[in-house]
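Participant: Got a structure here, written out as structure tokens. Questions coming.
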Amino acid sequence: MELSANILALEADLRTMVGDRVRRHEPMAHHTLLRVGGPADLWLAVTTLEELVAAVQLARQHHCPVLLVGSGANLLVSDKGVRGLVIQNRCEGTTFITHGKPRAIALSGTRLASLARLAAHHGLSGLEWAIGVPGTLGGALVNNAGAFGGSIADRLVRAELLTPTGERTWQSTEWFEYGYRSSRLKDATVGSSDSFIVLQAELRFERASPLEIEGHMARFSEQRKRTQPSGASLGSMFKNPPGDHAGRLIEAAGLKGRQIGGARISEQHANFFLNTGQACAADFVALIELAQEIVRAKFGIEMELEIQRAGEWR
Numbered sequence: 001m002e003l004s005a006n007i008l009a010l011e012a013d014l015r016t017m018v019g020d021r022v023r024r025h026e027p028m029a030h031h032t033l034l035r036v037g038g039p040a041d042l043w044l045a046v047t048t049l050e051e052l053v054a055a056v057q058l059a060r061q062h063h064c065p066v067l068l069v070g071s072g073a074n075l076l077v078s079d080k081g082v083r084g085l086v087i088q089n090r091c092e093g094t095t096f097i098t099h100g101k102p103r104a105i106a107l108s109g110t111r112l113a114s115l116a117r118l119a120a121h122h123g124l125s126g127l128e129w130a131i132g133v134p135g136t137l138g139g140a141l142v143n144n145a146g147a148f149g150g151s152i153a154d155r156l157v158r159a160e161l162l163t164p165t166g167e168r169t170w171q172s173t174e175w176f177e178y179g180y181r182s183s184r185l186k187d188a189t190v191g192s193s194d195s196f197i198v199l200q201a202e203l204r205f206e207r208a209s210p211l212e213i214e215g216h217m218a219r220f221s222e223q224r225k226r227t228q229p230s231g232a233s234l235g236s237m238f239k240n241p242p243g244d245h246a247g248r249l250i251e252a253a254g255l256k257g258r259q260i261g262g263a264r265i266s267e268q269h270a271n272f273f274l275n276t277g278q279a280c281a282a283d284f285v286a287l288i289e290l291a292q293e294i295v296r297a298k299f300g301i302e303m304e305l306e307i308q309r310a311g312e313w314r
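Be aware that the sequence shown starts at 1, since it is given in this note's numbering, and climbs by one per residue.
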């Protein structure tokens with residue numbers, strides 16, 4: 001695909017900054033847990049906040065859309081790919097503050113499960129539910145990730161953001177307007193050039209015995225293994241509707257095991273959609289729409305996606 005003039009100008013400036021780390025037409029299937037997705041016009045992995053901010057600012061100067069991804073754990077990318085710049089956030093690092101009320105300041109590319117394990121090592125409780133969660137802290141803050149009755153909103157004290165106008169500012173939990181698997185950041189346009197970017201966050205914890213924390217984590221890990229399928233998936237595809245469970249509704253609609261192309265609804269947990277090996281994004285879209293249509297027809301319930309779609313869909 002031929003790149004536009006502003007993309008080419010952005011590429012030149014990025015190469016001045018980071019050299020040949022910038023890639024053209026990088027397959028997004030290599031960077032999402034679902035293993036689907038077409039090419040990004042430009043792709044760059046960053047490891048420092050300074051690089052992240054500079055890359056975003058350059059893209060904005062050239063009026064190019066920016067899609068920030070972490071582990072690709074909650075993202076369905078179009079087969080047509082992503083126009084503009086995709087930045088993979090590999091900014092990792094955590095500082096624990098153990099005097100007074102225990103806290104941690106972690107960079108947004110830090111893996112959530114790694115952060116949970118580090119906190120346990122320091123005798124800090126509050127992220128046990130995150131063991132086994134494949135995403136990053138930044139993605140968790142955007143999506144209000146959670147499990148087993150806990151959520152990242154319960155832990156957040158404040159976060160540093162890059163604003164659409166280029167300032168770095170700290171905002172408290174209230175600013176995010178958290179709801180069930182939602183926030184004001186998730187509701188913004190995915191991949192737009194004027195989105196807020198999460199840089200780092202301060203989280204609060206409670207003190208506890210490392211052995212006690214590790215015991216909780218082991219139980220959560222075992223429960224995940226019992227109830228959730230292995231293989232390439234995005235985790236829960238749909239949000240649970242009020243008073244019910246998306247997986248139960250999909251199963252009751254007779255859709256367990258249903259397959260379109262290479263995308264299949266798991267027989268183990270019907271809210272997990274699996275890539276059997278040769279799936280494309282269009283297969284998942286067709287399966288999503290089928291589940292929504294049949295659940296609506298049988299139960300009168302609208303199924304809302306928990307995952308996010310990104311890229312060029314028209």
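All C-beta atoms in this analysis are idealised placements derived from N, C-alpha and C, irrespective of residue type, glycine included.
Taking the DSSP output, what are the residues bridged to residue 230?
Facilitator: In the DSSP output, where bridge partners are listed per residue, residue 230 has none listed.
Participant: When the distance is taken between beta carbons, is residue 272 closer than 8 angstroms to residue 228?
Facilitator: yes
Participant: To the nearest angstrom, report how far apart residue 274 and residue 293 are at their CA atoms.
Facilitator: 19 angstroms
Participant: Which first and last residues belong to the beta strand (DSSP E) in which residue 41 is found?
Facilitator: 39-46
Participant: Is residue 273 helix, strand or coil when you go by DSSP?
Facilitator: strand
Participant: CB residue 325 to CB residue 112, shorter than 8 angstroms?
Facilitator: Since the first residue of the chain shown is 1 and the last is 314, residue 325 is not available in this structure.
Participant: So, using beta-carbon positions, are residue 173 and residue 145 closer together than 8 angstroms?
Facilitator: no
Participant: Tell me whether the beta-carbon of residue 42 lies closer than 8 angstroms to the beta-carbon of residue 2.
Facilitator: no
Participant: Grab me the residues of residue 316's own chain with a C-beta within less than 8 angstroms of its C-beta, minus the 5 sequence neighbours each way, in chain order.
Facilitator: Here the chain has residues from 1 to 314 only, and residue 316 is not among them.
Participant: Identify every run of the beta strand (DSSP E) within the stretch 123-181, keeping only runs that are complete inside it and at least 3 residues long; order them along the chain.
Facilitator: 156-162, 168-172
Participant: Starting from residue 74, trace the alpha helix (DSSP H) both ways and give me its first and last residue.
Facilitator: Per DSSP, residue 74 belongs to no alpha helix (DSSP H) and is neither H nor E.
Participant: Can at least three beta-carbon pairs, one atom from the stretch 249-258 and one from the stretch 294-313, be found at a separation below 8 angstroms?
Facilitator: Counting Cβ pairs under 8 angstroms, three or more are found: they touch.
Participant: Would you report the Cα separation of residue 205 and residue 211, rounded to the nearest angstrom?
Facilitator: 16 angstroms
Participant: Using CA atoms only, rank isn't needed, just tell me which of 284, 233, 201 is closest to residue 96.
Facilitator: 201
Participant: Pull up the distance between the alpha-carbon of residue 291 and that of residue 171, whole angstroms please.
Facilitator: Each residue's Cα considered, the two are about 38 angstroms apart.
Participant: Which value, in whole angstroms, describes the spacing of the CA atoms of residue 58 and residue 88?
Facilitator: 15 angstroms
Participant: According to DSSP, is residue 22 helix, strand or coil?
Facilitator: coil
Participant: When we look at the beta-carbon of residue 65 and count the other beta-carbons within 10 Å, is it buried (16 or more) or exposed?
Facilitator: buried
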